[in-house]
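A.B. asks: Once you've had a glance at the structure underneath, I'll fire off some questions.
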Amino acid sequence: MTTVTTPVKADLRQWLPGFLALAAIWGSSFLFIKVGIGELHPLYVTLGRVMAGALTLLVLLAVFRDRLPRDPRLWLHMVVVGGIGVALPFTLFGYGEQRVSSLLAGIWNATTPLVVLPLAVFAFRTERLTGRRAAGMALGFVGVLVVLGVWQGVGGSHLTGQLMCLGAAACYGVAIPYQKRFVAGRAESGLALSATQLLVAAALLAVVAPLVAGAPPAPTRLSLPVIASVLALGVLGTGLAFVINMRNIRLVGASTASMVTYLIPVFAVAIGVLVLGEHLSWYQPVGAAIVLTGVAVSQGVPVRLTRRASRPTPAAASRAAC
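Quick note: the sequence shown, position 310, residue 310 per the UniProt record's numbering, numbers continuous.
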């Protein structure tokens, strides 16, 4: 959702704390969802989250003296982005976590890049399929089968919950290339575009939630942990996380900043085990590692790291010039 910027040379101490904080915030989102759905319908967890996030970004817009877009066509595109890229996946994760652990939902979130790539290649034609990317997708698919534990047989509500979490990742897979095709490159700031998609998502949810889930419960009937979890999802997971991610992109570039994807399931698993006491089967982290390896291969991470390692340092380059 942000324009491409040229990163400045940044010391590790400048960006690594924010990088780790971002992984922790996004990784803990699955804990907050699990707490929220204990008393709220998943649709109302999503609505509260999106409204809190939208208000946070509107405050940031005022602080930075930015404004919302005025192009009607962009707002129409944001109906797709806000619906498929925000409202639906957030809600599916809520439904999914009614049936599976929060740590497993965090693992499924890591499959998003594997869904993005084939849609970007075949549907939106914003990417080109290469042998490396095809190999990465195949490896990631093997990882998905391992996470599912298919050799044990699958079925029941547990499978349904996992498929809902996979469906949430698939929604991101549609929304991300759609944004790249129809939204990226516009003159509006990333902050304004993000605020717009959250406002649209909030409007959609405000209509759908009462129709599906009935009237919302009075806030006074909710426990403090539930209220705090929903606010944390919106204020931290959307507002603060957006600012941190923007800073990371500015300091080290989009490619390095995007590697936070590999840490989010680590934090989600650790938090699920330590805070909620959730059980972790051996094949789930193994499958997650295979999925993340497939993501890394499809995104060319090993190639980029090899090129960086082989790139001469300034001192070596000056010696070679002599």
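Using N, Cα and C, we set each Cβ at its ideal position, and we do this for glycine too.
Model, not experiment: these values are computed from the prediction.
Tell me whether Gly253 sits in a helix, a strand or coil according to DSSP, three-state version.
C.D. replies: By one-based count along the sequence shown, residue 253 stands at place 253. Here Gly253 sits in coil by DSSP.
A.B. asks: Identify, in the order they occur along the chain, each residue of the same chain with its Cβ nearer than 8 Å to the Cβ of Leu88, setting aside the five sequence neighbours on each side.
C.D. replies: Position 88 of the sequence shown holds residue 88. Correct list, in chain order: Ala168 and Cys171.
A.B. asks: What does a CB cutoff of less than 8 Å around Ala240 pick up in its chain, not counting 5 residues either side in sequence?
C.D. replies: Position 240 of the sequence shown, counted from the start, is the residue given in the question as residue 240. The displayed chain sequence assigns Leu, not Ala, to residue 240. Counting only Cβ-Cβ distances below 8 Å, and skipping sequence neighbours, we find Ile25 and Thr56.
A.B. asks: Under three-state DSSP, which class holds Gly85?
C.D. replies: The sequence position of residue 85 within the sequence shown is 85, counting from 1. Three-state DSSP puts Gly85 in a helix.
A.B. asks: Leaving out the 5 sequence neighbours to the left and right, which residues in its chain are closer than 7 Å to Thr91 when beta-carbon positions are compared?
C.D. replies: For the purposes of this step, residue 91 is taken as the residue at position 91 of the sequence shown. So the list reads Pro42, Leu43 and Thr46, once near-sequence residues are dropped.
A.B. asks: Does DSSP put Arg186 in a helix, in a strand, or in coil?
C.D. replies: Taking the sequence shown and counting its residues from 1, the one referred to as residue 186 is at position 186. It is coil, neither helix nor strand.
A.B. asks: Express the C-alpha separation of Leu199 and Ala187 in angstroms, rounding to a whole number.
C.D. replies: Numbered from its first residue, the sequence shown carries residue 187 at position 187. Numbered from its first residue, the sequence shown carries residue 199 at position 199. Distance between the alpha carbons of Ala187 and Leu199 is about 19 Å.
A.B. asks: Tell me which same chain residues have a C-beta within less than 8 Å of the C-beta of Leu191, skipping the five on either side of it?
C.D. replies: Numbered from its first residue, the sequence shown carries residue 191 at position 191. Around Leu191: Leu57, Leu60, Leu61, Phe64, Asp66, Phe242 and Met246.
A.B. asks: So what does DSSP say about Gly239, is it helix, strand or coil?
C.D. replies: As a first step, residue 239 is located in the sequence shown; it is residue number 239 there, counting from the start. It is helical.
A.B. asks: Note down, in chain order, each residue of its chain lying with its Cβ closer than 6 Å to the Cβ of Pro216, except the 5 sequence neighbours on either side.
C.D. replies: Numbered from its first residue, the sequence shown carries residue 216 at position 216. Only Tyr44 meet the Cβ criterion.
A.B. asks: What separation, rounded to the nearest whole angstrom, lies between the Cα atoms of Phe93 and Met164?
C.D. replies: To locate residue 93, count along the sequence shown from 1; it is residue 93. To locate residue 164, count along the sequence shown from 1; it is residue 164. Their Cα atoms are separated by approximately 7 Å.
A.B. asks: Rounded to a whole number of angstroms, what is the C-alpha to C-alpha distance between Val147 and Phe141?
C.D. replies: The count along the sequence shown starts at 1 and reaches residue 147 at position 147. The count along the sequence shown starts at 1 and reaches residue 141 at position 141. Approximately 10 Å between the Cα atoms of the pair.
A.B. asks: Quick check on Ser102: does DSSP put it in helix, strand or coil?
C.D. replies: What you label residue 102 is simply residue 102 of the sequence shown in a count that begins at 1. Three-state DSSP puts Ser102 in a helix.
A.B. asks: Any heavy atom of the ligand GDP inside 7 Å of the beta-carbon of Thr111?
C.D. replies: Of the ligands one can find in the structure shown there are none, so the ligand GDP has no counterpart to examine.
A.B. asks: Can you tell me whether Ile37 is helix, strand or coil according to DSSP?
C.D. replies: Residue numbering aside, residue 37 sits at position 37 when the sequence shown is read from its first letter. Three-state result, Ile37: coil.
A.B. asks: Expressed to the nearest angstrom, what Euclidean distance is found between the alpha-carbon atoms of Leu119 and Leu263?
C.D. replies: By one-based count along the sequence shown, residue 119 stands at place 119. By one-based count along the sequence shown, residue 263 stands at place 263. The straight-line gap from Cα to Cα measures roughly 24 Å.
A.B. asks: Can you grab the Cα-Cα spacing for the pair Tyr178 / Phe122, in whole Å?
C.D. replies: Numbered from 1 along the sequence shown, position 178 holds the residue referred to as residue 178. Numbered from 1 along the sequence shown, position 122 holds the residue referred to as residue 122. For Tyr178 and Phe122, the distance between alpha carbons rounds to 12 Å.
A.B. asks: So what's Ala202 in DSSP terms, helix, strand or just coil?
C.D. replies: Counting from one through the sequence shown, the residue named residue 202 turns up at place 202. DSSP places Ala202 in helix when its eight states are reduced to three.
A.B. asks: With a threshold of 8 Å on Cβ separation, who are the neighbours of Leu68 within its own chain once the five nearest residues in sequence on each side are excluded?
C.D. replies: Start at 1 with the first residue of the sequence shown, and residue 68 comes out as number 68. Within the same chain, Leu68 has close Cβ partners Leu61, Ala192, Ala195, Thr196 and Leu199.
A.B. asks: Which same chain residues, not among the five before or five after Ala202, have their C-beta less than 6 Å away from its C-beta?
C.D. replies: Within the sequence shown, residue 202 is the residue found at index 202, counting from 1. These residues qualify, in order along the chain: Val50, Met51 and Ala54.
A.B. asks: Would you call Arg133 buried or exposed, if buried means 16 or more other Cβ atoms sit within 10 Å of its Cβ?
C.D. replies: As a working note, residue 133 is residue 133 in the sequence shown. Flag for Arg133 reads buried.
A.B. asks: Closer than 6 Å by C-beta to Arg181: which residues in its own chain qualify, once you throw out the five before and the five after it? Chain order, please.
C.D. replies: Locating residue 181 in the sequence shown gives position 181, where the first residue counts as 1. So the qualifying residues of the chain are Phe124 and Thr126.
A.B. asks: Alpha carbon to alpha carbon, how far is Val249 from Ala110?
C.D. replies: Along the sequence shown, one-based indexing puts residue 249 at 249. Along the sequence shown, one-based indexing puts residue 110 at 110. For clarity, residue 249 is Ile in the given sequence; the question names Val instead. Each residue's alpha carbon lies about 20 Å from the other.
A.B. asks: Between the beta-carbon of Val269 and the beta-carbon of Leu103, is there less than 8 Å?
C.D. replies: The residue labelled residue 269 in the question sits at position 269 within the sequence shown. The residue labelled residue 103 in the question sits at position 103 within the sequence shown. Cβ distance < 8 Å, so Val269 and Leu103 count as in contact.
A.B. asks: Hey, would you say Leu159 sits closer than 8 Å to Trp15, going by beta carbons?
C.D. replies: For this step, residue 159 is matched to residue 159 along the sequence shown. For this step, residue 15 is matched to residue 15 along the sequence shown. Not a contact, by the Cβ cut-off of 8 Å.
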